[in-house]
Amino acid sequence: MNHFDEELLNDSVALKASSAVFDQEEYLQDVCNLVAATGISFYWVENPETQYFMQKYIPAANPVLHGTLSGCILDKTTADAISKTCAHINGKQAMIMADGWKNNSDVDVFKSTIMVDGIPYLLRTHDMSSCPKTGDEAFGILQSDIEYAEETYQVKVIGCATDNGPDCKKAHWLLAEAKAWLATFVCWGHQDRLMTRNYLAVMTTYSYSTYTEEQRLSTHLPDLGKYLESVITFDEDKLVEVAEKSQSEDATARCLEAIESIKKPMFWKDLKNNWCKHSPGSKM
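For the sequence shown, full-length UniProt numbering begins at 1 and goes up steadily by one.
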């Protein structure tokens, strides 16, 4: 038995837990909100160190089980969130926006959001790992999400915006046929990047060279030093893991080399000296 278990069995801890008036239901909802907001696993609440911490600093709280938290408590918290959101936006017009990507677990997802009075509200997240990336599939999801938004939040969806990929392009066409009154738009964020790329490709006066890029990096990189060092301190293993998944053969080696450089104080000193020596107006 470790020292955590021994202290949990201590009579003084047990007596403190039974002596206070405590709203257990509100506590469970707050823990559920904490887990959701921080993105940690529901199993976190059953970790021995978590339970020890809770009983030490919140002695009146009963132990929390992950099944309870991810079951009835999560259902009630979700229902409360939907109810409060509905109270703010029901009866109003909404714009639905959707896009697909890989989440932190490397799972293909398709997410939709409704925009009401300039405020976004996350609507639904769909696991697409076993679904084909086709226009018909995207159309079905958008159709379902529009119906869900109107039934659940009592809003009137008047428009839809997505990227202009092959699947969403066909979904736009199918939506226009099914709902002729619905305005369909291409996401300006995606298109802005494409337009910028096209503009830079044809702008003959745009000057780019290795020297130019080095000067830009020398200017901005020192300002990012503390942030890069912080990332290395807390997420070095994750960075290496991402590099290992790269299709480039030398990605891992380059990643490790960059990490080692960032860890060295002389790297930042040399970078600063280099910028001072070669910056415009400096005396050579």
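In this text, a Cβ means the ideal position worked out from N, Cα and C, and glycines have one as well.
Given the structure is predicted, the values throughout are model-derived calculations rather than measurements.
- Shown here, Ser83 sits in a helix according to DSSP, grouped into three states.
- Under DSSP, Leu122 forms a beta bridge with Thr113.
- When the Cα atoms are used, Phe110 and Leu122 turn out to be separated by approximately 12 Å.
- DSSP, reduced to helix, strand and coil, places Gly140 within a helical segment of the structure shown.
- Beta-bridge annotation (DSSP): Thr162 is paired with Val186.
- Spanning the alpha carbons of Ile259 and Pro222 requires a straight line of approximately 15 Å.
- Beyond the five residues adjoining it in sequence on each side, Thr77 comes within less than 8 Å, by CB distance, of Gln29, Cys32, Asn33, Ala36 in the same chain, given in chain order.
- Taking C-beta atoms as the reference points, Thr162 and Ala171 count as a pair closer than 8 Å.
- Going by beta carbons, Lys102 and Gly135 fall outside the 8 Å limit.
- Per DSSP, reduced to three states, the secondary structure at Ile96 is strand.
- The Cβ-Cβ distance between Met97 and Cys187 falls below 8 Å.
- Between Phe22 and Gln55, the alpha-carbon positions lie close to 13 Å from each other.
- In the structure shown, the three-state DSSP call for Val157 is strand.
- Val157 and Lys92 do not touch by the CB rule: their CB atoms are close to 11 Å apart, not below 8 Å.
- Three or more beta-carbon pairs drawn from the stretch 249-267 and the stretch 228-238 are found closer than 8 Å, and the two stretches are therefore classed as touching.
- DSSP lists Val109 as the beta-bridge partner residues of Trp101.
- Judged by beta-carbon spacing, Ser112 lies within the 8 Å limit of Asp145, meaning their Cβ atoms are closer than that value.
- By the Cβ test, the stretch 63-73 is in contact with the stretch 43-54, since at least three Cβ pairs between them sit closer than 8 Å.
- With respect to Phe42, Ser70 sits close: the two C-beta atoms are nearer than 8 Å.
- Exclusion of the five residues before and after Gly100 leaves Asp108, Val109, Phe110, Met128 as the residues of its chain whose Cβ lies within less than 7 Å of its Cβ.
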